[in-house]
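Protein chains in written order, with our numbering: chain A, 1 to 344; chain B, 1 to 344.
Number of protein chains: 2
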Amino acid sequence: MARITMQQIAALAGLSLATVSRTIHSPHLVKPGTLEQVRRLMAKEGYVYNATAGDFSRRRSSVIGVIIPTTRGAIFANSTQGIQEKAQEKGFSLIIGSTGYDAEAELKLLLQFQERRLAGIILTGYGIGRENVIKELVKSGIPCVVVWEVLKNSGLSFVGFSNFQAAFSMTDYLASLNHRRIGLILGPYSRIGRARRRLEGYRSALQKNGLPFAPELVIETMPTLKDGKESMARLLSMSDRPTAVFAGSDMLAFGAMSAARERGLRVPDDISVAGFDDIDFAAYCNPPLTTVRVPAREMGERAVSILVEMIEGKSRKDRRVELPTEIVIRESCRERKERSRVKT
Amino acid sequence: MARITMQQIAALAGLSLATVSRTIHSPHLVKPGTLEQVRRLMAKEGYVYNATAGDFSRRRSSVIGVIIPTTRGAIFANSTQGIQEKAQEKGFSLIIGSTGYDAEAELKLLLQFQERRLAGIILTGYGIGRENVIKELVKSGIPCVVVWEVLKNSGLSFVGFSNFQAAFSMTDYLASLNHRRIGLILGPYSRIGRARRRLEGYRSALQKNGLPFAPELVIETMPTLKDGKESMARLLSMSDRPTAVFAGSDMLAFGAMSAARERGLRVPDDISVAGFDDIDFAAYCNPPLTTVRVPAREMGERAVSILVEMIEGKSRKDRRVELPTEIVIRESCRERKERSRVKT
DNA sequence: TTGTACGCGTTATCAG
DNA sequence: CTGATAACGCGTACAA
Numbered sequence: 001m002a003r004i005t006m007q008q009i010a011a012l013a014g015l016s017l018a019t020v021s022r023t024i025h026s027p028h029l030v031k032p033g034t035l036e037q038v039r040r041l042m043a044k045e046g047y048v049y050n051a052t053a054g055d056f057s058r059r060r061s062s063v064i065g066v067i068i069p070t071t072r073g074a075i076f077a078n079s080t081q082g083i084q085e086k087a088q089e090k091g092f093s094l095i096i097g098s099t100g101y102d103a104e105a106e107l108k109l110l111l112q113f114q115e116r117r118l119a120g121i122i123l124t125g126y127g128i129g130r131e132n133v134i135k136e137l138v139k140s141g142i143p144c145v146v147v148w149e150v151l152k153n154s155g156l157s158f159v160g161f162s163n164f165q166a167a168f169s170m171t172d173y174l175a176s177l178n179h180r181r182i183g184l185i186l187g188p189y190s191r192i193g194r195a196r197r198r199l200e201g202y203r204s205a206l207q208k209n210g211l212p213f214a215p216e217l218v219i220e221t222m223p224t225l226k227d228g229k230e231s232m233a234r235l236l237s238m239s240d241r242p243t244a245v246f247a248g249s250d251m252l253a254f255g256a257m258s259a260a261r262e263r264g265l266r267v268p269d270d271i272s273v274a275g276f277d278d279i280d281f282a283a284y285c286n287p288p289l290t291t292v293r294v295p296a297r298e299m300g301e302r303a304v305s306i307l308v309e310m311i312e313g314k315s316r317k318d319r320r321v322e323l324p325t326e327i328v329i330r331e332s333c334r335e336r337k338e339r340s341r342v343k344t
Numbered sequence: 001m002a003r004i005t006m007q008q009i010a011a012l013a014g015l016s017l018a019t020v021s022r023t024i025h026s027p028h029l030v031k032p033g034t035l036e037q038v039r040r041l042m043a044k045e046g047y048v049y050n051a052t053a054g055d056f057s058r059r060r061s062s063v064i065g066v067i068i069p070t071t072r073g074a075i076f077a078n079s080t081q082g083i084q085e086k087a088q089e090k091g092f093s094l095i096i097g098s099t100g101y102d103a104e105a106e107l108k109l110l111l112q113f114q115e116r117r118l119a120g121i122i123l124t125g126y127g128i129g130r131e132n133v134i135k136e137l138v139k140s141g142i143p144c145v146v147v148w149e150v151l152k153n154s155g156l157s158f159v160g161f162s163n164f165q166a167a168f169s170m171t172d173y174l175a176s177l178n179h180r181r182i183g184l185i186l187g188p189y190s191r192i193g194r195a196r197r198r199l200e201g202y203r204s205a206l207q208k209n210g211l212p213f214a215p216e217l218v219i220e221t222m223p224t225l226k227d228g229k230e231s232m233a234r235l236l237s238m239s240d241r242p243t244a245v246f247a248g249s250d251m252l253a254f255g256a257m258s259a260a261r262e263r264g265l266r267v268p269d270d271i272s273v274a275g276f277d278d279i280d281f282a283a284y285c286n287p288p289l290t291t292v293r294v295p296a297r298e299m300g301e302r303a304v305s306i307l308v309e310m311i312e313g314k315s316r317k318d319r320r321v322e323l324p325t326e327i328v329i330r331e332s333c334r335e336r337k338e339r340s341r342v343k344t
């Protein structure tokens, strides 16, 4: 129960506390014989280092906080995985909090992180309306890096990709397939910056292709299978329904494809569906999903690397890295047929 | 940078440290006026409670450690989600580590958790060969609960389900569909107890139905889409290939279905595929997957509840809860046709 | 190579 | 209701 302390080990060994401490952190400063003796004793007594006391004494922690919208939904799992591994490699633990896309939850988490004096924080996206909190956080000395977004005019470090460009490309691709009414099912762009930027990319591509923007064709929803399905159902029940639907996440796309099937529509013969994320499953589903590949894992890894540099003071200024995305063409989209109105 | 401390707040307020502390933890013991004054001051000075120091002083932490095999793979995400929410509700933070199904990684994580003197630990499964470590852990005073498994003769608390029974039922169902050669694609049962129990359930159901156990029909692999696909390909290339395949996880099942499709086989017309987990996606894929529903989220929630009881000393003895599973019949399995040998 | 001694920011125990 | 003060377990100058 009551664990043995360094102090006690020292006493047992007839050494000072400092020597025992050095045994752990700077063994090269200890005479090999002593080292051996102390180690043996620690093993024998079942000594376990107290990281809390250590962190406290050193006045810095070795845990990194991570904020993600949701632990479900595969795609964040990928960046989280990247974060995990890199952090482990660098000797940091992770404390993870999910917000459920809720601003208040995020604020609460952020406070918790401050209370724990975490070494650094990785934010998924840059909450609209939370600029102040985050700036204050940084000013308070906790290094921060944002993933999944590129930030303009903000002193923050980030490693992201252009949500605008990615959405633009996919929409443009759909237009190149001769689709003129392109639906858009998107996450909560009112609150989430990266979703908003995807909307902008979509609109921009429409414009470039001389296509009108039809507000009724864009649906804002939560990025779940269920919502994707329901949104698609709405789109399909329109009198002049879209011939292609661009979903703001693969989850939404899968839900959408499911809705199409239920309605007796074939993808891509009767309607094209494109996704965003390229989660593993996109390549294995039926039909395989055309989607935007996002460097999720890499973002996670690089975010940790940068964060650790900041933590260790090797880097003072903010790092800004923008990774490329890529359209992965599989089988869920195809050229629009003239007169493709199918029985509904 | 250097945050203000309780001490300083006390000085500023002309009060004692103790009173300020009480302001936070037992406001009812403080005169309303004083309370108000202190709170105002804390807000003004941007005081942020130091949870590390608090935990250290109190000699217990308010962080729960969670060990999962992988952050990818959807299904653990569900139990993790349950854990998250419940923990948050109870005022605990989470530190999450993933092992990648690797025993050494798990041990390392466990050590880290001990070093941080975490309040409690939730293990996913009960690593074969790690009995000692875990028992020592418990003896050292860290409450532990295992999820995803039911444990026999072990002093540990758990909240799980019968992997044996679940696999038995599904196999039995497949047999009732007149399948006589039932393939099994399973996670690493050599190392993972719950996978091993699924294998046992499968064998037992075979026996009950008078079916021979054919070792070549069971494939041990990692539970990923890719491995599911490859395993299925192997199964399908056999001269006397199975007419139904039971996958030990939905991921494997999706991979398997993909392999079947690539070979020109239709599911379920040409071959039946069943999964295990019932992740969200199972209901939305094509065809919708027949699978075993596992109470993932509930396991997570209940595990936290039990753990917190243990932490707070309300419960001394181990709690053992077994949740039910259920077969969800969708469209990926059907009765075997006589003479169903299709062109391969 | 080793030891001494102080500090880290709270909590908790006693008095008042 | 409030105050003093001793822990808590370790890191780290500074000395020896």
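Using N, Cα and C, we set each Cβ at its ideal position, and we do this for glycine too.
Suppose you measure from the CA of Glu298 (chain A) to the CA of Leu123 (chain B); what does that come to, to the nearest Å? As a position in the first sequence, residue 298 (chain A) is number 298, starting the count at 1. As a position in the second sequence, residue 123 (chain B) is number 123, starting the count at 1. Approximately 28 Å, taken between the alpha carbons.
Tell me whether the beta-carbon of Val138 (chain B) lies closer than 9 Å to the beta-carbon of Gly160 (chain B). For the purposes of this step, residue 138 (chain B) is identified with residue 138 of the second sequence, where counting begins at 1. For the purposes of this step, residue 160 (chain B) is identified with residue 160 of the second sequence, where counting begins at 1. Their beta carbons are not under 9 Å apart, which means Val138 (chain B) does not touch Gly160 (chain B) by this criterion.
Counted within 10 angstroms of its Cβ, other Cβ atoms place Asp269 (chain A) as buried (16 or more) or exposed: By one-based count along the first sequence, residue 269 (chain A) stands at place 269. By the Cβ neighbour-count rule, Asp269 (chain A) is exposed, with fewer than 16 other Cβ atoms within 10 Å of its own.
With H, G and I counted as helix, E and B as strand and the rest as coil, what does DSSP make of Ala244 (chain A)? Counted from its first residue, the first sequence places residue 244 (chain A) at position 244. If DSSP states are grouped into helix, strand and coil, Ala244 (chain A) belongs with the strands.
Alpha carbon to alpha carbon, how far is Val218 (chain A) from Ser93 (chain B)? The residue you call residue 218 (chain A) lines up with position 218 of the first sequence. The residue you call residue 93 (chain B) lines up with position 93 of the second sequence. When rounded, the distance between both Cα atoms is 38 Å.
What's the gap between the Cα of Met106 (chain B) and the Cα of Gly65 (chain B)? Taking the second sequence and counting its residues from 1, one reaches residue 106 (chain B) at position 106. Taking the second sequence and counting its residues from 1, one reaches residue 65 (chain B) at position 65. For the sequence presented, residue 106 (chain B) should be read as Glu rather than Met. Approximately 12 Å, taken between the alpha carbons.
Pick from B:Leu177, B:Leu41, B:Glu131 and B:Glu331: whose alpha carbon is nearest that of Ile9 (chain B)? Here residue 9 (chain B) refers to the residue found at position 9 when the second sequence is read from its first residue. The option with the nearest alpha carbon to Ile9 (chain B) is B:Leu41.
In chain order, what residues of the same chain have a beta carbon less than 8 Å from the beta carbon of Gln165 (chain B), not counting five sequence neighbours either side? Stepping through the second sequence from its first residue, residue 165 (chain B) is reached at position 165. Contacts found: Gly201 and Thr325.
Backbone secondary structure at Thr34 (chain B) - three-state DSSP: Here residue 34 (chain B) refers to the residue found at position 34 of the second sequence. Thr34 (chain B) falls in the helix class under three-state DSSP.
Is DSSP giving Gly210 (chain A) helix, strand or coil here? Locating residue 210 (chain A) in the first sequence gives position 210, counting from the first residue. Gly210 (chain A) falls in the coil class under three-state DSSP.
Within 9 Å of any Cβ in chain B, is that where the Cβ of Val351 (chain A) sits? With chain A covering 1 to 344 only, the question about residue 351 (chain A) has no answer from this structure.
Starting from the beta carbon of Gln7 (chain B), find every residue of chain A whose beta carbon is closer than 8 Å, and list them in chain order. Here the question's residue 7 (chain B) lines up with position 7 in the second sequence. Going along chain A, no residue has its Cβ under 8 Å from Gln7 (chain B), so there is no contact; the nearest lies around 15 Å.
Which of the three DSSP states, helix, strand or coil, is assigned to Gly120 (chain B)? The sequence position of residue 120 (chain B) within the second sequence is 120, counting from 1. If DSSP states are grouped into helix, strand and coil, Gly120 (chain B) belongs with the strands.
Is there at least one Cβ from chain A nearer than 9 Å to Ala119 (chain B)'s Cβ? Position 119 of the second sequence holds residue 119 (chain B). By this cut-off, Ala119 (chain B) is not an interface position.
Measure the Cβ-Cβ separation of Ala296 (chain A) and Ile75 (chain A) and say whether it is below 9 Å. Residue mapping note: residue 296 (chain A) aligns to position 296 of the first sequence, counting from 1. Residue mapping note: residue 75 (chain A) aligns to position 75 of the first sequence, counting from 1. Yes.
Rounded to whole angstroms, what is the Cα-Cα separation between His28 (chain A) and Ala51 (chain A)? Position 28 of the first sequence, counted from the first residue, corresponds to residue 28 (chain A). Position 51 of the first sequence, counted from the first residue, corresponds to residue 51 (chain A). Cα to Cα, His28 (chain A) sits roughly 21 Å from Ala51 (chain A).
Establish whether the CB of Arg302 (chain A) and some CB of chain B are separated by less than 9 Å. Position 302 of the first sequence, counting from 1, holds the residue named residue 302 (chain A). No - not a single Cβ of chain B is within 9 Å of the one on Arg302 (chain A).
Counting only Cβ-Cβ distances shorter than 8 Å, please list the residues of the segment 63-76 of chain A near chain B, keeping chain order. Val63, Thr70, Thr71, Arg72, Gly73 and Ala74
Endpoints, the beta strand (DSSP E) within which Val150 (chain A) is located: As a position in the first sequence, residue 150 (chain A) is number 150, starting the count at 1. Unbroken run through Val150 (chain A): none, as it is neither H nor E.
Interface partners of Ser93 (chain B) on chain A, CB under 8 Å: Position 93 of the second sequence, counting from 1, holds the residue named residue 93 (chain B). Ile95, Gly97, Gln112 and Arg116, listed in chain order.
Chain-ordered chain B contacts of Ala274 (chain A) [CB-CB under 8 Å]: For the purposes of this step, residue 274 (chain A) is taken as residue 274 along the first sequence, with counting starting at 1. Neighbours of Ala274 (chain A) on chain B: none; closest Cβ ~17 Å, over 8 Å.
From which residue to which residue does the alpha helix (DSSP H) around Ile9 (chain A) run? Translated into positions along the first sequence, residue 9 (chain A) becomes position 9. In the DSSP assignment, Ile9 (chain A) falls within the unbroken alpha helix (DSSP H) covering Met6 to Ala13.
Which residues, in order along the segment 213-226 of chain A, keep a beta-carbon less than 7 Å from a beta-carbon of chain B? Leu225
Should the segment 215-234 of chain B be called in touch with the segment 176-190 of chain B, which here means at least 3 C-beta pairs below 8 Å? By the Cβ rule, the segment 215-234 of chain B counts as touching the segment 176-190 of chain B, because three or more pairs are nearer than 8 Å.
So Tyr49 (chain B) contacts chain A; which residues on that side make the cut at Cβ distance below 8 Å? As a first step, residue 49 (chain B) must be located in the second sequence, where it is residue number 49. Neighbours of Tyr49 (chain B) on chain A, chain order: Glu115.
Starting from Asp278 (chain A), find everything on chain B with Cβ-Cβ shorter than 8 Å and list it in chain order. As a first step, residue 278 (chain A) is located in the first sequence; it is residue number 278 there, counting from the start. Those within 8 Å of Asp278 (chain A) in chain B number zero; the least Cβ separation is about 13 Å.
Between the C-alpha atoms of Ala282 (chain A) and Ser162 (chain A), what's the straight-line distance to the nearest angstrom? Position 282 of the first sequence, counted from the first residue, corresponds to residue 282 (chain A). Position 162 of the first sequence, counted from the first residue, corresponds to residue 162 (chain A). In a straight line, the C-alpha of Ala282 (chain A) is about 21 Å away from that of Ser162 (chain A).
Candidates A:Asn153, A:Gly120, A:Cys333 and A:Val30: closest to Val292 (chain A) by CA position: On the first sequence, residue 292 (chain A) is found 292 positions in, with the first residue counted as 1. Among A:Asn153, A:Gly120, A:Cys333 and A:Val30, the Cα nearest to that of Val292 (chain A) belongs to A:Cys333.
Once DSSP output is grouped into helix, strand and coil, what is the label at Val267 (chain B)? Residue 267 (chain B) sits at position 267 when you count from the first residue of the second sequence. Note: Val267 (chain B) maps to coil in three-state DSSP.
Going straight from the alpha carbon of Ile142 (chain B) to that of Phe56 (chain A), what length do you get? As a first step, residue 142 (chain B) must be located in the second sequence, where it is residue number 142. As a first step, residue 56 (chain A) must be located in the first sequence, where it is residue number 56. The alpha-carbon atoms of Ile142 (chain B) and Phe56 (chain A) are separated by roughly 21 Å.
Just reading off the beta strand (DSSP E) that Glu89 (chain A) is part of, what are its end residues? Sequence index remark: in the first sequence, residue 89 (chain A) carries index 89 (1-based). From DSSP, Glu89 (chain A) is part of no beta strand (DSSP E) but of the alpha helix (DSSP H) over Ile75 to Lys90.
Nonlocal neighbours in the same chain, by C-beta distance under 6 Å from Asn78 (chain A), ignoring five residues either side: Position 78 of the first sequence, counted from the first residue, corresponds to residue 78 (chain A). Excluding sequence neighbours, Asn78 (chain A) sits near Ala296 and Arg297.
Check whether the Cβ of Tyr173 (chain A) lies closer than 9 Å to any Cβ atom in chain B. Walking along the first sequence from the start, residue 173 (chain A) turns up at place 173. Tyr173 (chain A) has a beta carbon lying at 9 Å or more from every beta carbon in chain B.
Which same chain residues, not among the five before or five after Ser16 (chain B), have their C-beta less than 7 Å away from its C-beta? Working through the second sequence from its first residue, we reach residue 16 (chain B) at position 16. Excluding sequence neighbours, Ser16 (chain B) sits near Ala10.
Between Asp318 (chain A) and the rest of its own chain, which residues show a CB-CB distance below 7 Å, the 5 nearest in sequence each way excluded? In the first sequence, counting from the first residue as 1, residue 318 (chain A) sits at position 318. Correct list, in chain order: Gly155, Leu156 and Ser157.
Gly160 (chain A) bridges to which residues according to DSSP? On the first sequence, position 160 is the one that residue 160 (chain A) refers to. A:Glu322, per the DSSP bridge assignment.
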